[in-house]
Structure formats: structure tokens, C-alpha cells
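Note sheet for the following structure.
Number of protein chains: 2
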Amino acid sequence: MAVYTEVSDEDLVEFIAQYDIGEVVSCKGIAEGVENSNYLLHTTKSAYILTLYEKRVREEDLPFFLGLMEHLANKGIPCPQPLTAMDGKALRQLCGRPAALTTFLEGMWPRKIQPFHCEQLGRALANFHRAGSDYDLFRANSLSLDSWRPQFEQCRARAHEVHPQLTDTLAREVDFLETNWPRDLPFGVCHADLFPDNVFFIGKELSGLIDFYFACNDALAYDLIVCMNAWCFERDGSFNVTKARMLLSAYAKERPLSQEELNALPILARGAAVRFLLTRLYDWLNHPEGAFVKPKDPLEYLTILSFHQSVGDVGAYGLDKGALHG
Amino acid sequence: MAVYTEVSDEDLVEFIAQYDIGEVVSCKGIAEGVENSNYLLHTTKSAYILTLYEKRVREEDLPFFLGLMEHLANKGIPCPQPLTAMDGKALRQLCGRPAALTTFLEGMWPRKIQPFHCEQLGRALANFHRAGSDYDLFRANSLSLDSWRPQFEQCRARAHEVHPQLTDTLAREVDFLETNWPRDLPFGVCHADLFPDNVFFIGKELSGLIDFYFACNDALAYDLIVCMNAWCFERDGSFNVTKARMLLSAYAKERPLSQEELNALPILARGAAVRFLLTRLYDWLNHPEGAFVKPKDPLEYLTILSFHQSVGDVGAYGLDKGALHG
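Taken in order, these protein sequences are the chains called D and A.
Just add 8 to the spot in the first sequence (first one is 1) and you have our numbering.
Just add 8 to the spot in the second sequence (first one is 1) and you have our numbering.
Below, the structure is given as C-alpha cells:
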């Protein structure tokens, strides 16, 4: 639940005057999102999102994120399009913070995931990956393999407070991933955080992808498997193989998966589980007592990790091994 | 910073289907406001505010509030107009809470108050009072004179934690107000909480009054003086007599103040200061440690109270005593 920076009406009017978007008629802080301050802005022309970037986003990464949205939007991917001010810049300052305006995407994120959501997501993610293939800028995934051991060390002494087996499980899993992580898979621009609250639907149609502030270059299949972990497990921790099949096969129809990618899915899924387990664990152990933003439960991802540790091959994800690759 | 109840997309679609307002295209929780959950809803027809009423609003008061908005909007007061569903009801249920939809008012609340804001506010408040004069329902002001002693008693033992003189000051002031509170002033429907964040402007024009959830029947001049306290003191605690004169005289042009009302303004101002001092003191002493919603500073209202205790007559508010009444 964000809005950390309060924008005065006068600062806002001055900021908006630098764009050709009419005059401000309202501006409401949006309660969703935890990284940045977001406002839904109505002008005499249209609706927009105003984002002020808070501490957790590194300012030097913003050109990558904004340029990517621009690149994707120009190729027809339904994502927010950064607006350029009259001086030609999309990244500006407001209230002493980096700030940008984007188009507003209509749609609602699905609270209760159904198989058709997963099918649409698979197709949209593949189109995203294809559209990103000629994007020029590069940003390493700062939350991938190299980061897991240091992150684990930061939490090691207290991980048992969350679950008695967590320290051992993570220690062994980080060892395993460091030894076995696949390195030669097709690479490209990934969203890397495509959870349900970042995907909008209007009725049964996917209408938008938002929140590109973890986007980076990584294995494309890793991005897909982040989605599988986020969309295909039920609240009780059980794996919904129908949803997984819908997601993976819809994706593969648009961008066929190689045999190497198919073989790697189980270990990518373990790594993707560890990535969210570790950041959630850190937030859980370090959030201020009584803070309003309740941290997400790390154990959800311990359950997901355990599932993938037991998987033999991609058959467990509802796939016929030979059916998907091109 | 509100949004306490999370509304699922499915519940929302079902709820909206009961109104003739098109289909939902987006719904964003609004970060402002602390009493209820508010969403800015876009449909294929227009923009609306969806409010879910949380614990601090008594359900039995909702017909008074919603009926008042309806009554005022019909008379041209720029306030949210409750929408009636197809079954003829404006007050419904959503996610187990009372809920209502209203029209969306464009505008921004002023962060930096200027004299023209006060002038427009005075005029709008007088028009509000005139428009409310034939509203049928009645709701006593539960935060007026009768409540101040019990509220003080709840905080008495710990008031000194906030300021060493606060206990004595409040004890004497409540005695004084109980003895001298005026009882025969013109009564009517009051907003009773018309702080800057409840008044919208587009450019220099007042465009809306919102948040009617403290509205009640009380002395109309009391409502005016609540505004003076909220709009005419600077951040350093100094009283801006230019703003006060603008507010009071613009009000009196639309609804002349009687000599009794003019004479009563200083004591009404003291009572209005005590009302907000007490609720802020209570919230200050009782908010959970580390809570995200920071309570407002009660001492701001101790300064305001001290100012009014030193006032001889309405000359101190920038008024020529004889000039305003009809």
C-alpha cells in the first residue's frame, strides 16, 4: 500500500504543464503497490499514471525500465507507455524524486485465478518476449543465482524463526542450484515479476501488463516459470496442473520451447521459488513491528520449492515432453 | 491511508451489475482517507467512487449521510451524489460491509491555503447550510459539548505525556464551555469536518465538497468556525486574519450572521478547538506503535485553543462587528 511522497497541487500543476496532456482535474494516490508512489491522474484529455520512484528502485535503472515500456508499447504489447514531456524527456523530477507519467491501462487484476487467465498470460508473455528481442539496453537480473547465497547468509541466523527446517533446506538448495543452474538457455528481456496483481483483464481478455521495475535480461524460460509459480498454485499450496498446462502450452504456441528449455523447467522452477522465498524471508524478518504493509508469507514459497524438488521432469507440469518444442 | 477491505473482481462485477452504469473497466483503491475503504471506479460510462464503510461509521447513520448528499446534490451543491441501484436502493452490501456508489468529483484539495480558497469556502459553506435547511432527517452531533467531558476523562491520566499543561488546560476549558456554551443559535445541518482535504478546487474554483460522514445537526456558526480553525491558522500556529476575514465575510454575504452568532464566535471557536484536540489526543495516546497511519498532532489544536482564549470579540477575526449581520 503505497504513496510515500505527497505531491502538492501546485507542484503537480507545474509538472503537468511540461506535457501536452491538458490540465489536471484530479489526482488520487493509489493504495496498491509497495515500491513506488503511484497516482491516478485525470486531465482534461485523458487518464494517466504518475509514478514517483522511491528508494528501492535505483535511479540508474530507470532508463532501462522506461525505454522497455516504450519499446514494447510501440510493438503493440499492452503496457503503460511513458509520456515524453515537451523537452523530449520521459524521466523527470517531482518533489525531489525521479518521476514519470505513463498512459493509464484499464482493467482489473484477477483475485481468483482461473485456467483461462493462465492461457492468456502464456500468450501475452511469449509476445512480450518476442517484442523484447530487439531491445537495445541490458540490465542483469540482480535477484538471480549470484544473489542467492549472500541473501541467504543475511537471513541464515534467523531463518529457523519462520520454519524449523528452513535453514537446512535453503543451504542445501543454494548448493544444488549453484552446481546445476543451466547457463545456455535462450536469453532475453524478462518481466521477472509477473504476478497476478501485475496483469489486468477486462472480462476474459487480458488488457495490460504493468510494473516493469524488476525487468532484466535472463533466461526467457525462467520468466515463464516465475509465472507458473505465481499463477498455478492454489491457496492451500496444491499445484494446479491444468493451469500449468494452459500457461506453458499457450506460451509455447507463440514461442516454441527448445528441448533444453523443457528439460530445465524443473530446476528453473526451484530457482524461481528460492528467489521469492529469500526476498520474502528477508522482508518477514526485517519489517518494522506493527507496520501497515504486511509482508508476504515466505512459507508459501517453501511449499512451492518442495513441490518442484519432487518433480522428475516436465510431465509433472502437464506437458507431453515432445509436444512443445518447435 | 485507507482501503481496509479488499474487493475481488468477481464481487465487484456482480455489485456493479445492479446499477445502470455500464461495465467495470478499472477499480483502484485510493490511498487518502482514514475512515472507510474508497475505490476510484472507471466503467464504460463514467468514473465513480465506491465506498465500503468500515467500523468507525455507524451503519444506522448511513441513511442520514447518503440522504443528505442526495438532497444537497439535487440543490446544486457540488457534492458526491449517491447512485441508486436498479432495486431503488443506494445503500447496499459488498464483501460483508455496507457499501455505496457515488458520482466522482473532479478537483484537487489545496495543500497550501491561500485567501481565495477561504473566500470560496465561505460562500460554499453558506450555500450548503441554506440548501440543507429543508432536509428532513436529524442526527445529533455526537462530538459536541456533551461528549467533551467523557472524552477528556478517557485521556486525563495520560494527557501530560503530550504536554505538561494539557490536563489543567482541558479541565478548565471543559468547565468553561459547559457553563458558557451558547444554546439558542440558528441550527441546521452541518458538515462538521470541512478540512482542506475535503474541499476540491479546479484552478481557482471550488469544485466539490466531500466526506459527509461527520455531518449532523448543530449551530451553523459552529460549522463555520470549525472551518476557520482548519483553514486560517498557518503551519507555525499563527492566525491569518486575512484568511479569516475572507472566510467569514464571504459566508455572511450568502447567509447573514445574527448579532448573537457574531458574539458567540469566540466561544464556538474554543469549543471547535477542544473537539479536535480531544479526538486527536485520544488517537495519539491509543494508536498502535509503528502504525502506518500517523495520528495528527493534538498540540496544533492546543495552540488554536490558546489563541481563542485570548480573543475579546470577533474584531480579532478581522470582522467589523456591525458589518456582517443582516
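Every residue gets a Cβ at the ideal spot worked out from N, C-alpha and C, and that includes glycine.
Strictly by DSSP, which residues pair up with residue 107 of chain A? In the second sequence, counting from the first residue as 1, residue 107 of chain A sits at position 99. According to DSSP, residue 107 of chain A bridges with A:60, A:100.
Does the Cβ of residue 187 of chain D have 16 or more other Cβ atoms within 10 Å, making it buried, or fewer, making it exposed? Within the first sequence, the letter at position 179 stands for residue 187 of chain D. By the neighbour-count rule (16 or more Cβ atoms within 10 Å), residue 187 of chain D is not buried but exposed.
Would you mind sorting residue 174 of chain A into buried or exposed? The rule is 16 or more other CB atoms within 10 Å of its CB. Working through the second sequence from its first residue, we reach residue 174 of chain A at position 166. Residue 174 of chain A comes out buried.
Short CB-CB distance (under 9 Å) between residue 197 of chain D and chain A: Your numbering for residue 197 of chain D matches position 189 in the first sequence. No, residue 197 of chain D does not count as interfacial toward chain A.
Using CA coordinates, which residue listed in D:32, D:121, D:34, D:46 is at the minimum distance from residue 13 of chain D? Start at 1 with the first residue of the first sequence, and residue 13 of chain D comes out as number 5. Answer by Cα proximity: D:46.
Which value, in whole angstroms, describes the spacing of the CA atoms of residue 149 of chain A and residue 48 of chain D? Position 141 of the second sequence holds residue 149 of chain A. Position 40 of the first sequence holds residue 48 of chain D. Distance between the alpha carbons of residue 149 of chain A and residue 48 of chain D: 35 Å.
For residue 184 of chain D: DSSP bridge partner residues: On the first sequence, position 176 is the one that residue 184 of chain D refers to. Looking at the DSSP assignment, residue 184 of chain D forms no beta bridge with any residue, so it has no partner.
Boundaries of the alpha helix (DSSP H) in which residue 249 of chain D is found, first to last residue: Translated into positions along the first sequence, residue 249 of chain D becomes position 241. Its alpha helix (DSSP H) spans residues 249-262.
Could you list the residues in the segment 35-55 of chain A with a C-beta less than 7 Å from some C-beta on chain B, going in chain order? Note that chain B does not occur in the displayed structure, where the protein chains are D and A.
Please report the distance separating the alpha-carbon of residue 30 of chain D from that of residue 57 of chain A. As a first step, residue 30 of chain D is located in the first sequence; it is residue number 22 there, counting from the start. As a first step, residue 57 of chain A is located in the second sequence; it is residue number 49 there, counting from the start. In a straight line, the C-alpha of residue 30 of chain D is about 23 Å away from that of residue 57 of chain A.
Residues that residue 217 of chain A bridges to, as DSSP identifies them: Numbered from 1 along the second sequence, position 209 holds the residue referred to as residue 217 of chain A. A:207, per the DSSP bridge assignment.
If we define contact as Cβ-Cβ less than 9 Å, is residue 210 of chain D a contact residue for chain A? The residue labelled residue 210 of chain D in the question sits at position 202 within the first sequence. It does: the Cβ of residue 210 of chain D has a partner Cβ on chain A nearer than 9 Å.
Helix, strand or coil for residue 94 of chain A? Go by DSSP, reduced to three states. The residue labelled residue 94 of chain A in the question sits at position 86 within the second sequence. DSSP places residue 94 of chain A in coil when its eight states are reduced to three.
Between the Cα of residue 126 of chain A and the Cα atoms of A:249, A:106, A:267, which residue gives the shortest distance? Looking up residue 126 of chain A in the second sequence gives position 118. Cα-wise, what sits closest to residue 126 of chain A is A:249.
According to a CB-to-CB cut-off of less than 7 Å, which residues of the segment 86-120 of chain D neighbour chain A? 114, 115, 116, 118, 119, 120
Consult DSSP for residue 319 of chain A and reduce its assignment to one of helix, strand or coil. The residue labelled residue 319 of chain A in the question sits at position 311 within the second sequence. Correct three-state label for residue 319 of chain A: coil.
Confirm, please, whether the CB-CB distance from residue 233 of chain D to residue 280 of chain D is below 9 Å. Residue mapping note: residue 280 of chain D aligns to position 272 of the first sequence, counting from 1. Residue mapping note: residue 233 of chain D aligns to position 225 of the first sequence, counting from 1. Yes.
Please report the distance separating the alpha-carbon of residue 69 of chain A from that of residue 318 of chain D. For this step, residue 69 of chain A is matched to residue 61 along the second sequence. For this step, residue 318 of chain D is matched to residue 310 along the first sequence. Answer to the nearest angstrom: the Cα atoms are 57 Å apart.
Thinking C-beta only, is residue 170 of chain A closer than 9 Å to residue 76 of chain A? Counting from one through the second sequence, the residue named residue 76 of chain A turns up at place 68. Counting from one through the second sequence, the residue named residue 170 of chain A turns up at place 162. In this structure, residue 170 of chain A does not lie closer than 9 Å to residue 76 of chain A by Cβ.
Of the residues D:199, D:179, D:117, which one's Cα is nearest the Cα of residue 165 of chain D? Taking the first residue of the first sequence as position 1, residue 165 of chain D is located at position 157. Per the Cα distances, D:179.
To the nearest angstrom, report how far apart residue 115 of chain D and residue 87 of chain D are at their CA atoms. Walking along the first sequence from the start, residue 115 of chain D turns up at place 107. Walking along the first sequence from the start, residue 87 of chain D turns up at place 79. The straight-line gap from Cα to Cα measures roughly 11 Å.
Using the Cα positions of residue 168 of chain A and residue 185 of chain A, report the straight-line distance between them to the nearest angstrom. Within the second sequence, numbered from 1, the residue matching residue 168 of chain A stands at position 160. Within the second sequence, numbered from 1, the residue matching residue 185 of chain A stands at position 177. Their backbone Cα atoms lie some 21 Å apart in a straight line.
Closer than 8 Å by C-beta to residue 138 of chain A: which residues in its own chain qualify, once you throw out the five before and the five after it? Chain order, please. For this step, residue 138 of chain A is matched to residue 130 along the second sequence. If we look at residue 138 of chain A and ignore the five residues flanking it on each side, its Cβ neighbours are 262, 263.
Rounded separation between residue 83 of chain A and residue 140 of chain A - CA only: In the second sequence, residue 83 of chain A corresponds to position 75, counting from 1. In the second sequence, residue 140 of chain A corresponds to position 132, counting from 1. Going by the C-alpha atoms only, they are around 9 Å apart.
Along chain A, which residues have their Cβ under 8 Å away from the Cβ of residue 328 of chain D? Locating residue 328 of chain D in the first sequence gives position 320, counting from the first residue. In chain order: nothing, as chain A lies at least about 33 Å away.
Start-to-end residues for the beta strand (DSSP E) that takes in residue 227 of chain D: Here the question's residue 227 of chain D lines up with position 219 in the first sequence. It spans 224-227 - the beta strand (DSSP E) in which residue 227 of chain D sits, taken as one unbroken run.
Three or more C-beta pairs under 8 Å: does that hold for the segment 255-274 of chain A against the segment 233-246 of chain A? yes
Chain-order list of residues whose beta-carbon lies under 6 Å from that of residue 334 of chain D (same chain, five-residue window excluded): To locate residue 334 of chain D, count along the first sequence from 1; it is residue 326. Low confidence applies here, because residue 334 of chain D scores a pLDDT of 47, under 50, leaving its location unreliable; read the following figure in that light. Once the five neighbours on either side are set aside, the close Cβ partners of residue 334 of chain D are 264.
Only counting the same chain, and skipping five residues up and downstream in sequence, which positions put a Cβ closer than 8 Å to that of residue 278 of chain D? Along the first sequence, one-based indexing puts residue 278 of chain D at 270. For residue 278 of chain D, where only same-chain residues beyond five positions count, the Cβ hits under 8 Å are 181, 184, 185, 313, 316, 317.
Should the segment 89-107 of chain D be called in touch with the segment 218-228 of chain D, which here means at least 3 C-beta pairs below 8 Å? no
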